[in-house]
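Plus 17 on top of the position in the sequence shown (first one is 1) and you've got my numbering.
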Amino acid sequence: MKEREEEALRAAEYRAKYLNSSEKARAAETSSQFWQTHAQNVERQKSIELQNSENLRRSQVDGLIRSHSRELVDREREKVNLLTTVVHKDQQVRDLAVQNSLTRSELARKEVDLRNSRVEKQYYQSRAEQEQNARLLDNSINSQLRAQDQLRNSQELNAYKQVYDREIGSLNNLVSSKQQEAEIWKNSFHRANSRY
18 MKEREEEALR AAEYRAKYLN SSEKARAAET SSQFWQTHAQ NVERQKSIEL
68 QNSENLRRSQ VDGLIRSHSR ELVDREREKV NLLTTVVHKD QQVRDLAVQN
118 SLTRSELARK EVDLRNSRVE KQYYQSRAEQ EQNARLLDNS INSQLRAQDQ
168 LRNSQELNAY KQVYDREIGS LNNLVSSKQQ EAEIWKNSFH RANSRY
C-alpha cells in the first residue's frame with residue numbers, strides 16, 4: 018500500500034514537473050515570437066530609413082555632377098560606397114540578431130524535449146553546447162557592432178570630410194572672386210560708355 022502511495026506521489030511530481038516544463042516552453046516560444054516580430058519590424062524600418070538616406074545621397078551626387086568638377090563627384094561616390102559598406106554591416110548585425118532569436122527559441126524547445134525524455138546526460142551535454150552556441154552568436158554580434166563603430170568613426174572618413182569641405186570652400190571663394198571680377202568689368206564698361 019505504501020509503495021503504491023509513493024508511486025502515486027512520484028507520478029504526480031513527474032506530471033507537475035512536466036506541466037511546469039511545458040508552461041516554460043510555451044512562455045519561451047511566445048517571448049521568442051515577440052522578439053522575432055520586433056526584430057523584423059525594426060529591420061523593415063531601418064531598411065526604409067537607409068533606402069531614403071541612400072536616395073538622398075544619390076540625389077546629392079547628381080547635383081554635384083551638374084555643378085562641380087568630375088574629381089569632386091568621384092570623391093562623393095567614394096563616400097556613397099562607404100555608406101553602402103555601413104549599410105551592409107547594419108544588415109549583417111540585424112541578420113545575426115534574428116538568427117540569435119530563432120536559435121534561442123529552438124534551444125528552449127529542445128530543452129523541454131530533453132527534460133521530458135529524462136535523458137539527463139544527453140540533456141546536460143546538449144545544454145552546454147547550446148549555451149556555447151549562444152555565446153558564439155553574442156560574440157559575433159558584438160564583433161560586428163565594434164567593426165561598424167570603427168568604420169563610422171574612422172579617422173580616414175573624418176580626414177576626407179575635412180578635405181572635401183576645404184575644396185567646397187575653395188570653389189565658393191573662386192565663384193565669389195569671379196562674381197566680383199565680373200562686377201568690376203561691368204562697372205568699368207558703364208563708366209566708359211557714360212563718357213561717350
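Note that beta-carbon positions come from the ideal geometry of N, C-alpha and C, so glycine has one too.
- Take the Cβ of A145 as the centre, count every other Cβ of all protein chains shown within 10 Å, and call the residue buried at 16 or more, exposed below. To locate residue 145, count along the sequence shown from 1; it is residue 128. The residue in question, A145, is exposed, as its Cβ has fewer than 16 Cβ neighbours within 10 Å.
- Item | Cα-Cα separation, A45 to K34 | Position 28 of the sequence shown, counted from the start, is the residue given in the question as residue 45. Position 17 of the sequence shown, counted from the start, is the residue given in the question as residue 34. Taking the straight line joining both Cα atoms gives about 16 Å.
- Using beta-carbon positions only, say whether Q116 and L153 come within less than 8 Å of one another. Numbered from its first residue, the sequence shown carries residue 116 at position 99. Numbered from its first residue, the sequence shown carries residue 153 at position 136. Not closer than 8 Å, so no.
- 8 Å Cβ cutoff met for S118 and A56: Position 101 of the sequence shown, counted from the start, is the residue given in the question as residue 118. Position 39 of the sequence shown, counted from the start, is the residue given in the question as residue 56. Yes. Within cutoff.
- Among L73, E128 and K106, which residue has its Cα nearest to the Cα of Q147? As a working mapping, residue 147 is identified with position 130 in the sequence shown. Q147 has its Cα closest to that of E128, out of L73, E128 and K106.
- Could you check which residue in L67, R75 and T47 has the C-alpha nearest to that of A125? Position 108 of the sequence shown, counted from the first residue, corresponds to residue 125. Among L67, R75 and T47, the Cα nearest to that of A125 belongs to T47.
- Message: Rounding to the nearest angstrom, what Cα-Cα distance links T102 and N190 in this structure?
- Response: Taking the first residue of the sequence shown as 1, we reach residue 102 at position 85. Taking the first residue of the sequence shown as 1, we reach residue 190 at position 173. Roughly 33 Å between the two C-alpha positions.
- Query: Where does E200 land, buried or exposed, given buried means 16+ other C-beta within 10 angstroms?
  - Reply: As a first step, residue 200 must be located in the sequence shown, where it is residue number 183. Residue burial annotation: E200 is exposed, with fewer than 16 other C-beta atoms found within 10 angstroms of its C-beta.
- Cβ neighbour criterion (16 or more within 10 Å) applied to S122: As a position in the sequence shown, residue 122 is number 105, starting the count at 1. Answer is buried; the Cβ neighbour count reaches 16.
- Message: Let me check understanding here. Comparing Cα to Cα, which of S160, S76, R74 and Q77 lies closest to Q109?
- Response: Here residue 109 refers to the residue found at position 92 of the sequence shown. Of the candidates S160, S76, R74 and Q77, the one whose C-alpha sits nearest the C-alpha of Q109 is S160.
- Message: Determine whether the beta carbon atoms of L67 and V104 lie at a separation below 8 Å.
- Response: Here residue 67 is taken as the residue at index 50 of the sequence shown, counted from 1. Here residue 104 is taken as the residue at index 87 of the sequence shown, counted from 1. Yes, the Cβ-Cβ distance between L67 and V104 is below 8 Å.
- Use the C-beta contact count for A42: other C-beta atoms within 10 angstroms, 16 or more gives buried, fewer gives exposed. If you number the sequence shown from 1, residue 42 lands on position 25. It counts as buried.
- Query: For K63 versus R111, is the C-beta distance shorter than 8 Å?
  - Reply: Position 46 of the sequence shown, counted from the first residue, corresponds to residue 63. Position 94 of the sequence shown, counted from the first residue, corresponds to residue 111. Closer than 8 Å, so yes.
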